[in-house]
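Here the protein sequences line up with chains A and B, keeping their order.
Counting in the working numbering, the first sequence runs from 7 upward without gaps.
Counting in the working numbering, the second sequence runs from 192 upward without gaps.
Since the structure comes first, as structure tokens, the remarks are kept for the end.
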Amino acid sequence: GAGVSQSPRYKVAKRGQDVALRCDPISGHVSLFWYQQALGQGPEFLTYFQNEAQLDKSGLPSDRFFAERPEGSVSTLKIQRTQQEDSAVYLCASEGTAKNIQYFGAGTRLSVL
Amino acid sequence: AQKITQTQPGMFVQEKEAVTLDCTYDTSDQSYGLFWYKQPSSGEMIFLIYQGSYDEQNATEGRYSLNFQKARKSANLVISASQLGDSAMYFCAMRERNRDDKIIFGKGTRLHILP
Numbered sequence: 007g008a009g010v011s012q013s014p015r016y017k018v019a020k021r022g023q024d025v026a027l028r029c030d031p032i033s034g035h036v037s038l039f040w041y042q043q044a045l046g047q048g049p050e051f052l053t054y055f056q057n058e059a060q061l062d063k064s065g066l067p068s069d070r071f072f073a074e075r076p077e078g079s080v081s082t083l084k085i086q087r088t089q090q091e092d093s094a095v096y097l098c099a100s101e102g103t104a105k106n107i108q109y110f111g112a113g114t115r116l117s118v119l
Numbered sequence: 192a193q194k195i196t197q198t199q200p201g202m203f204v205q206e207k208e209a210v211t212l213d214c215t216y217d218t219s220d221q222s223y224g225l226f227w228y229k230q231p232s233s234g235e236m237i238f239l240i241y242q243g244s245y246d247e248q249n250a251t252e253g254r255y256s257l258n259f260q261k262a263r264k265s266a267n268l269v270i271s272a273s274q275l276g277d278s279a280m281y282f283c284a285m286r287e288r289n290r291d292d293k294i295i296f297g298k299g300t301r302l303h304i305l306p
């Protein structure tokens, strides 16, 4: 596609529910990143894939968070047993071989009640 | 210590005026990249401009220019001839080459363009 696509755009979950957030990167982009953006803050790094390999997951806040990219294209960020503090916008970005610019999607706004 | 500091939480600027958004950064790396992103109310982070630490010229992209002062660790964004559509959050960000993956963002500046 023309840009990074994320779905759903909005997700409301009850505390304790599991959620799955999808990212469809720009076609052919090797690198994919997930960021978490709390209200009024800048995005913070969660994890990074190069093709299907997860090379850095140092930003994942707990073991309830995990991400996958099994075929090196679409990625899913899964949050188990959601908590209120997980409420945030989750941004996905992809990067091509010109390794400078990350292109972001519009994000998924997660609200945990 | 914060890696990226944006000291202006909000700014109001008259349409057609130039505006400078401040950004200072902190790194001990010699090789790094600096970015500015725009985030309108729709939520998408839009890439505006990039400056490499070894670039001798200040980066320019249309109405955007980056005033890079390496010794002062400053990377201010200048928007010339502001437009109503420039109203948004603006984030300064850095990527350090020895931590090649993540981009580190500042807290942002909310820019309001007044008609």
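Even for Gly, the Cβ is constructed at its ideal location relative to N, Cα and C.
If you draw a straight line from the C-alpha of glutamine 33 of chain A to the C-alpha of glycine 102 of chain A, how long is it?
The residue labelled residue 33 of chain A in the question sits at position 27 within the first sequence. The residue labelled residue 102 of chain A in the question sits at position 96 within the first sequence. According to the sequence provided, residue 33 of chain A is serine. The question's glutamine does not apply to it. Whole-angstrom Cα-Cα distance: 9 angstroms.
Among the candidates A:Arg28, A:His35, A:Arg21, whose CA atom is the shortest distance from the CA of asparagine 106 of chain A?
Numbered from 1 along the first sequence, position 100 holds the residue referred to as residue 106 of chain A. Here the closest residue by C-alpha is A:His35.
Kindly list the residues whose CB is nearer than 7 angstroms to the CB of proline 14 of chain A, restricted to its own chain and excluding five residues on each side of it in sequence; keep chain order.
Working through the first sequence from its first residue, we reach residue 14 of chain A at position 8. So the qualifying residues of the chain are Thr114.
Report the residue ranges of all beta strand (DSSP E) runs contained in full by the stretch 235-287 of chain B; include only those spanning at least 3 residues, in chain order.
Here the runs fully enclosed are 237-243, 255-260, 265-270, 279-287.
Give me the subset of the stretch 95-111 of chain A whose CB atoms are less than 9 angstroms from a CB atom of chain B, sorted by chain position.
Answer in chain order: Val95, Leu97, Ala99, Lys105, Asn106, Ile107, Gln108, Tyr109, Phe110, Gly111.
Tell me where the beta strand (DSSP E) around serine 37 of chain A begins and ends.
Working through the first sequence from its first residue, we reach residue 37 of chain A at position 31. Run containing serine 37 of chain A: 37-43, per the beta strand (DSSP E) assignment.
Serine 233 of chain B versus chain A: which residues are under 8 angstroms apart at the beta carbon?
The residue given as residue 233 of chain B occupies position 42 in the second sequence. Near serine 233 of chain B (Cβ distances below 8 angstroms), the residues of chain A are Ala112.
Give the DSSP-derived three-state secondary structure of glutamine 90 of chain A in the structure shown.
The residue labelled residue 90 of chain A in the question sits at position 84 within the first sequence. Looking at glutamine 90 of chain A - three-state DSSP - the assignment turns out to be helix.
Just to confirm my understanding: we take glutamine 205 of chain B, look at its own chain, exclude 5 residues before and 5 after, and list those with CB closer than 7 angstroms. What are they?
Reading the second sequence from its first residue, position 14 is the one you call residue 205 of chain B. Only Leu305 meet the Cβ criterion.
If you draw a straight line from the alpha carbon of leucine 66 of chain A to that of alanine 73 of chain A, how long is it in whole angstroms?
In the first sequence, the residue the question calls residue 66 of chain A occupies position 60. In the first sequence, the residue the question calls residue 73 of chain A occupies position 67. Taking the straight line joining both Cα atoms gives about 9 angstroms.
Between the C-alpha atoms of threonine 218 of chain B and glutamate 287 of chain B, what's the straight-line distance to the nearest angstrom?
Locating residue 218 of chain B in the second sequence gives position 27, where the first residue counts as 1. Locating residue 287 of chain B in the second sequence gives position 96, where the first residue counts as 1. Taking the straight line joining both Cα atoms gives about 8 angstroms.
Sort out for me which residues DSSP pairs cysteine 29 of chain A with in a bridge.
Working through the first sequence from its first residue, we reach residue 29 of chain A at position 23. Its beta-bridge partners are A:Gln12, A:Ser81.
So who's on the other strand from serine 117 of chain A, going by DSSP bridges?
As a working mapping, residue 117 of chain A is identified with position 111 in the first sequence. Partner(s): A:Val18.
Going by DSSP, what residue range makes up the beta strand (DSSP E) through isoleucine 304 of chain B?
Residue mapping note: residue 304 of chain B aligns to position 113 of the second sequence, counting from 1. Here the beta strand (DSSP E) through isoleucine 304 of chain B covers 300-305.
Identify the continuous beta strand (DSSP E) that holds alanine 73 of chain A and give its terminal residues.
As a first step, residue 73 of chain A must be located in the first sequence, where it is residue number 67. First-last of the beta strand (DSSP E) with alanine 73 of chain A: 71-74.
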